Amino acid sequence: MDFWDFEKIYFWYDFSIKKSGFDSLEPQIKDFWKKLVSNGRCSIPPGFLASLMNRLMPLKIGRALPNKVSFTEEENYINRILESAGAEKLFNLFVFSESANKYDCFISIFEQILFRLPDFRHNKVMFLESEVNKAFEISSGKFEDKNETLFDPDIILKEIYINAENEFIESKITFKEEDIFEISHPKLFEKSSDRLFYRKMSSAIKTMSFWLRGTFTLQEESSWVVTKYGEPQTLPIGGYDELTNKGTISSMLTSELAYIDETMDFDLFDYKLIENRLLYFKRDTGSIFRIRRDFLIQISMTEFFEHEKNLGILFACIFSFASKIIEVYAKDMVKVTVLLNGYTPTSINEAAGFFNHFLLAKSMANRVSMIIQKSDEIPEEILRKEAQLCIFGPRHIKSSNFIKFIFPQDDDFAKLSQENQEQELGKLVNRMIEKMVRNEFSKFENQ
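Each residue of the sequence shown is one higher than the one before, starting from 6 at the first, in the numbering used here.
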C-alpha cells in the first residue's frame, strides 16, 4: 500500500480545487475536508466539496478563479445528484436556516447529504492524517517546482468521478421525506441507533396516517364547557362587513385617493380628512373561545415492548394519536400527556429521550409530554382544574371524559405482519378520534 507524503497531498488538494474553479477555499471548508480525510474518506476530492457546496449554500466557499475551465466529469456527477428525485428540497434546507453560525450549521447539514451519497474510492489515493496536517503547515511555494514530476492527478480525478456517478446510478438514490428531515436535523441523531429507531418510527407513522381520516367535524360545544374552560378572546376573523369613517391608511378605500390634487395646496382629500369623511373598510370582529383541553393517553406496557420493533410502533402510534388530537382541536389550547406504566423495556429510556428530541424538532415539545412509571396511578400534577380532561386508557377517574383505549399486545396482534400491525393501530386511533369528536364518552364508575 503506497501512502502519499505531504507533498503529494498538497499537490492533490491544490490541483483539485483549481480544477473545480477555485484558487483557495475558506478555512471552514478546508477544515471540513480534512475532517473527512481523518475519518478515512481520502478519495473525496476537495474540489467536489467546494463545487457542490457552492451550488447549494448561500455562503462564500472560496476565492474563484477568473477563468474557470469546464470540468465535465464533475459537472455531470453534481447535476446527477441535484436532479435526483427529492433533491430540489435540499436547497431550502440552507435558505431557511436561522442559525447564528452559518458555516457550522450548513456544514453539519451538508455532511448528512454526503452520508447518503456513494463513497469516493480510488486505490491510488491513500494518505495518513499526520501527513495531511504537515502539508498545510508548510508553505505551498515549496511544491511549485515539483508539481510536474509528482504524478498526474487529472486521470485519477476523472476516474473517481466516473466511478462515483456509476455507483450513484446503480444505487438509485433519492431524497425521501424522512431523508430530508434527517438531513435538516443533524444534531437529532446522537447515536446510530437513534437513526434506526427514527426510520422504524417514521415508516410506521406513514402507514398509520393512511388509515386516519383527513378531517373531522366537531359538534358545537355546550355552553357550560365554554363558560368553565373557555378563554374568550376578541380576534379579527377575516373579511369586511361594512364601511366606516375611522381606520388606518392600510384599510382606506383606494378610490378615496382620487380626491388628491397635487396642483392644489388644499384639495378635496384634505377637506374629507379633516371632516372625517374618508371611507375605510371595517373588518369583521368576533369573540372566539379557546377551550383549555388536557388529554391523557395511558398505555400499560408488557414484555411485548422488549422488542425494539414493537417499541418503534408504540412511539409511532403515540405521535400519530397526539398530533391528530392537536390537529382536530387546532384553535384550542391543547396539552397531551402520555403515561406509560407497567413493565419497563430495556430500551425505553433511550427511545423516550430520542422521542423528546423528535417532538422538539417538530415544534410539539410544549404540547406533548411523556411520563414513564411502574404504577398505573395518574399523577395529580397533570390534572389541571382549569382544563377539560379527556382520558384514553384502561381506567377512568372522576370529573373527566373517558374513552377506553387498550394498546394491543396479545399473541394474535404479535403474529400479524408489521404492515398489518400498523394498519390495525391506524384504524384504532381513528376510532378513538371519532368517538372523541362525537362526545361518546363512558360514564364514571367506581373501580
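Even glycine gets a Cβ: it sits at the ideal position worked out from N, Cα and C.
Since the structure is predicted, the reported quantities are computational estimates derived from the model, not experimental observations.
The beta carbons of Gly317 and Lys420 sit no closer together than 8 Å. For Arg68, the closest C-alpha among the options Glu80, Ile34, Cys47 is that of Ile34.
For Val137, the closest C-alpha among the options Ile66, Asn59, Trp9, Ala55 is that of Trp9. Taking C-alpha positions only, His401 is separated from Ser447 by approximately 9 Å. If the five residues before and after Lys181 are omitted, its C-beta is found closer than 7 Å to the C-beta atoms of Gly91, all from its own chain and listed in chain order. With a 10 Å radius around the Cβ and a threshold of 16 neighbouring Cβ atoms, Val343 comes out buried. Counting along the chain, no beta strand (DSSP E) covers Asp10, and no H or E run does either. For Met437, the enclosing alpha helix (DSSP H) covers residues 423–442.
Sequence-distant partners of Ala140 (beyond 5 residues in either direction) whose C-beta falls short of 8 Å from its own C-beta, in its chain, are Phe11, Glu12, Ile14, Tyr15, Tyr18.
Counting only runs of 4 or more residues that sit fully inside the stretch 62–134, the alpha helix (DSSP H) segments are 77–87, 95–100, 107–120, in chain order. Runs of the beta strand (DSSP E) spanning 3 or more residues and lying entirely within the stretch 276–328 occur at 285–306, in chain order. For Ile408, the uninterrupted beta strand (DSSP E) run begins and ends at 406–409, by DSSP.
Taking a contact as a CB-CB distance under 8 Å, the pair Tyr348 and Met306 counts as one, their CB atoms being some 5 Å apart.
Its chain contains Phe37 as the residues whose beta carbon lies nearer than 6 Å to that of Ile112, once the 5 sequence neighbours on both sides are disregarded; these appear in chain order. For Gly358, the enclosing alpha helix (DSSP H) starts and ends at 353–366. For Lys39, the uninterrupted alpha helix (DSSP H) segment begins and ends at 32–43. In the three-state scheme derived from DSSP, where H, G and I count as helix and E and B as strand, Phe27 is classed as strand. Taken atom to atom, the span from the alpha-carbon of Ser352 to that of Pro413 is near 20 Å. At the C-beta level, Thr212 and Glu424 come within 8 Å of one another. The bridge partners DSSP lists for Ser374 are Thr342. The beta carbon of Asp266 is closer than 6 Å to those of Asp272 in its chain, skipping five residues each way along the sequence. About 6 Å separates the CB atoms of Ile83 and Arg60; that is less than 8 Å, so the two are in contact. Approximately 6 Å separates the beta-carbon atoms of Ser25 and Glu79; this is inside 8 Å, confirming the contact. Secondary structure of Met257 (DSSP, three-state): strand.
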